[in-house]
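Notes for the one structure printed next.
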Amino acid sequence: MFTLLIIQGTENLYGVHPFYTVLEADGKAHGILFLNSNAMEYSFLPEPALSLKTLGGVLDFFVFLGDNPEHVIQLYTSVIGRQIMPPFWALGYQLCRFGYTGTQNVREVIDRNLKAKIPLDTMYLDIDYMDNYEDFTYDKKAFAGLPELFKDTKTQNQLHWVLMLDAAIEGNNTQYQTFKEGYKNDVFVKWPKSVDPKD
Numbered sequence: 001m002f003t004l005l006i007i008q009g010t011e012n013l014y015g016v017h018p019f020y021t022v023l024e025a026d027g028k029a030h031g032i033l034f035l036n037s038n039a040m041e042y043s044f045l046p047e048p049a050l051s052l053k054t055l056g057g058v059l060d061f062f063v064f065l066g067d068n069p070e071h072v073i074q075l076y077t078s079v080i081g082r083q084i085m086p087p088f089w090a091l092g093y094q095l096c097r098f099g100y101t102g103t104q105n106v107r108e109v110i111d112r113n114l115k116a117k118i119p120l121d122t123m124y125l126d127i128d129y130m131d132n133y134e135d136f137t138y139d140k141k142a143f144a145g146l147p148e149l150f151k152d153t154k155t156q157n158q159l160h161w162v163l164m165l166d167a168a169i170e171g172n173n174t175q176y177q178t179f180k181e182g183y184k185n186d187v188f189v190k191w192p193k194s195v196d197p198k199d
């Protein structure tokens, strides 16, 4: 196991938790967490053996002894941190794609799913709903009536919506309100003065 896509910085946003848990014959359980910043490889050998190889690094082993598997997971998450409980609807049926041509197209997709009795809890709109792909806007021609669609489907179908936003604001359009406000309030991320952005 090895974590890829590490972004340079002071805070680890990606991680691997090499952890296993075992249910014993008496109903008790144990789990072991191996923490190491280097690449690791597991091999399961004939019972009861496990081979662990690593390129190096500091090895931190955590052994969790529990009355049952749930207890082991509680002990494990007390070390790595607890998962937040997402809203119930976020665990449901979700539909996402790029390429909607407008409000009518989106409405047809919703209606087709409902008619076919395919559950739908959350609908995503990718960046094609935006006006010129600019964050915090929507295309008022192709996606006319979009706010009303949100209200109608929330009321009639308890449908939730997620709108994609890009982590970039167009800087070439000086009439773009989001850019103007961001520039005026100095909210944009900038290269540190000590770094040449060409590097």
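Residue numbers for the sequence shown follow the UniProt record's numbering, so the first one is 1 and each next one is one higher. Cβ atoms here follow ideal geometry from the backbone N, Cα and C, with glycine treated the same way.
Three or more Cβ pairs closer than 8 Å define a contact, and the stretch 27-36 meets that threshold against the stretch 70-81.
Taking a contact as a CB-CB distance under 8 Å, the pair residue 125 and residue 159 does not count as one, their CB atoms being some 12 Å apart. Its Cα nearest to that of residue 87, the residue 122 stands out among 77, 57, 122. The beta carbons of residue 128 and residue 98 sit closer together than 8 Å. Assignment of residue 94 by DSSP, reduced to helix, strand and coil, places it in the strand class. Scanning 156, 165, 38, 188 for the CA closest to the CA of residue 171 turns up 188. Beta-bridge partners assigned by DSSP to residue 40: 54.
Within the UniProt domain "Glycoside hydrolase family 31 TIM barrel" (84-193), the complete alpha helix (DSSP H) segments of 4 residues or longer fall at 103-115, 146-157, 177-184, listed in chain order. Two segments are said to touch when three or more pairs of C-beta atoms, one from each, lie closer than 8 Å; by this definition the stretch 51-70 does not touch the stretch 98-116. CA-CA distance, residue 32 to residue 78, rounds to 13 Å. The continuous stretches of alpha helix (DSSP H) do not include residue 30, which lies in the beta strand (DSSP E) extending over residues 29-35.
The C-alpha of residue 66 lies about 49 Å from the C-alpha of residue 191. With a cutoff of 8 Å on beta-carbon distance, residue 114 and residue 157 are scored as near each other. Rounded to whole angstroms, residue 42 and residue 184 show a C-alpha spacing of 53 Å. With a beta-carbon spacing of about 6 Å, residue 169 and residue 135 fall inside the 8 Å limit used to define contacts.
Burial check for residue 133: the Cβ neighbour count within 10 Å stays below 16, so the residue is exposed.
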